[in-house]
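Undergrad:
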Amino acid sequence: MLTTRFTARLGVEHPVALAPMGGAAGGALAAAVSNGGGLGLLGVGSAKDPAWVERELDLVAQGTDRPWGAGFQCWAAPVRVLEQVLERGPAAIMLAFGDPRPYLDAVRRSDAALIVMVTDLAEAHTAVEVGADVIVAQGTDAGGHGGSRGTIGFVPVVADLAGDVPVLAAGGIADGRGVAAALALGADGALLGTRFLATPEALGGPVQEKAVLEGGSEDTDRSSVVDIAHESGWPARWTGRALRTPFSDRWRLHEDALRSDPAARAEFRAAEERGDPDATVVWAGESLDLVTDLVPAADLVGVIAGETEAAVRRSAGAVR
135 MLTTRFTARL GVEHPVALAP MGGAAGGALA AAVSNGGGLG LLGVGSAKDP
185 AWVERELDLV AQGTDRPWGA GFQCWAAPVR VLEQVLERGP AAIMLAFGDP
235 RPYLDAVRRS DAALIVMVTD LAEAHTAVEV GADVIVAQGT DAGGHGGSRG
285 TIGFVPVVAD LAGDVPVLAA GGIADGRGVA AALALGADGA LLGTRFLATP
335 EALGGPVQEK AVLEGGSEDT DRSSVVDIAH ESGWPARWTG RALRTPFSDR
385 WRLHEDALRS DPAARAEFRA AEERGDPDAT VVWAGESLDL VTDLVPAADL
435 VGVIAGETEA AVRRSAGAVR
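Counting in the numbering used here, the sequence shown runs from 135 upward without gaps.
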């Protein structure tokens, strides 16, 4: 079993955490990852529906007696929703995409560890300044929203900047070889998202599951097209990586035209509501080629942990 500063700080067995993916990382998935020995993070995101949050909190709180947490989008999540989650005693709160400062008082009044995800150096400096207990360095390889820095070049820089603060690598990691690489880069573990889409506990359902298992990394693309179509308000600095669709192919590099075409945006949302596969948004990263089977999440954590230990041993054995 691998012990790192992250596993010691959060009281988990393995240096693996679930990315708190909106629309996928619900309470059942978070609980399963925690039961497997990782850190399950519920994807609260920008959720403003207290009933949905309460339902998913019930699932994770009743589904595991091990450490778990929740993740929020700082540009949109109300502080009251964070406070609602903190009432359940999570082990960690992850803040991403925006200024974490408005949430700090609430987190610091609790026993939860503060995890801050960063996508560039300015954000990394902020994470250190606000006293993050763990920093996630997310590369552009990641599915969903993110920045432009590559994972391999970004993680060591953040690890050096963080000093004694544990760092998790995120972006393009789907198996133990990726986790071992993260450790070699100076991280203390990894945050995985795309790989956990292919688990029975994920919220996406059969359409997303099929798309993930049949899609490949080269089928993904990073753009603002979906955010514009959804009229979501996502800040333009963080684009989204998702499986390409005919709609995204049509409007990529023509985002300004899409902003000026309300009929096209309405048509997309109507098709999405109907469940049209061509309008189904599947946020997935460049590790998608490694996602080939459906595995229960708790078992998957154990598999990844075993692969990580094997990869570390192979690397150590190469030194003479």
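Cβ coordinates follow ideal geometry from the N, Cα and C atoms, glycine included. Predicted, not measured: the structure shown is a model, and the values here were computed from it.
May I have the straight-line CA-CA distance separating alanine 308 from serine 449, to the nearest angstrom?
TA: Translated into positions along the sequence shown, residue 308 becomes position 174. Translated into positions along the sequence shown, residue 449 becomes position 315. Between alanine 308 and serine 449, the C-alpha separation is close to 18 Å.
Undergrad: Start and end of the beta strand (DSSP E) containing tryptophan 372?
TA: Taking the first residue of the sequence shown as 1, we reach residue 372 at position 238. Run containing tryptophan 372: none; DSSP gives neither H nor E here.
Undergrad: Is the CB-CB distance between leucine 175 and glycine 205 below 8 Å?
TA: Position 41 of the sequence shown, counted from the start, is the residue given in the question as residue 175. Position 71 of the sequence shown, counted from the start, is the residue given in the question as residue 205. The Cβ atoms of leucine 175 and glycine 205 sit closer than 8 Å to each other.
Undergrad: Applying the 10 Å Cβ sphere with the 16-neighbour rule, what's the burial state of methionine 135?
TA: Numbered from its first residue, the sequence shown carries residue 135 at position 1. Methionine 135 comes out exposed.
Undergrad: Taking three-plus beta-carbon pairs below 8 Å as touching, is the stretch 311 to 325 in contact with the stretch 403 to 411?
TA: no
Undergrad: Beta-carbon within less than 7 Å of glutamine 218's beta-carbon, same chain only, minus the 5 sequence neighbours each way: which residues are those?
TA: Counting from one through the sequence shown, the residue named residue 218 turns up at place 84. Only Pro184 and Val187 meet the Cβ criterion.
Undergrad: Do the stretch 388 to 395 and the stretch 321 to 332 touch if we need at least three Cβ pairs shorter than 8 Å?
TA: no
Undergrad: So, with DSSP's three-state summary, where would you put tryptophan 202?
TA: Position 68 of the sequence shown, counted from the start, is the residue given in the question as residue 202. In the structure shown, tryptophan 202 sits in a strand (DSSP, three-state: E or B).
Undergrad: Quick one: is leucine 387 buried, meaning 16 or more other Cβ sit within 10 Å of its Cβ, or exposed?
TA: On the sequence shown, residue 387 is found 253 positions in, with the first residue counted as 1. So leucine 387 ends up on the exposed side.
Undergrad: Do the CB positions of serine 455 and alanine 211 come within less than 8 Å of each other?
TA: In the structure as shown, the chain starts at 135 and stops at 454, and residue 455 therefore has no counterpart that could be examined.
Undergrad: Could you check which residue in Asp427, Ser382 and Ala376 has the C-alpha nearest to that of alanine 363?
TA: Against the sequence shown, residue 363 aligns to sequence position 229. With respect to the C-alpha of alanine 363, the residue from Asp427, Ser382 and Ala376 having the closest C-alpha is Ser382.
Undergrad: Looking only at its chain, what residues have a beta carbon closer than 7 Å to the beta carbon of alanine 158, apart from the 5 residues adjacent to it on each side?
TA: Residue 158 sits at position 24 when you count from the first residue of the sequence shown. Excluding sequence neighbours, alanine 158 sits near Gly177, Leu331, Ala336, Leu337 and Gly338.
Undergrad: Give the secondary structure of leucine 229 by DSSP, where H, G and I count as helix, E and B as strand, and everything else as coil.
TA: Mapped onto the sequence shown, residue 229 falls at position 95. DSSP places leucine 229 in strand when its eight states are reduced to three.
Undergrad: Could you give the C-beta distance for arginine 329 and threonine 354, rounded to a whole number, given that I count them as a contact under 8 Å?
TA: Translated into positions along the sequence shown, residue 329 becomes position 195. Translated into positions along the sequence shown, residue 354 becomes position 220. With a Cβ gap of about 14 Å, arginine 329 and threonine 354 do not count as contacting.
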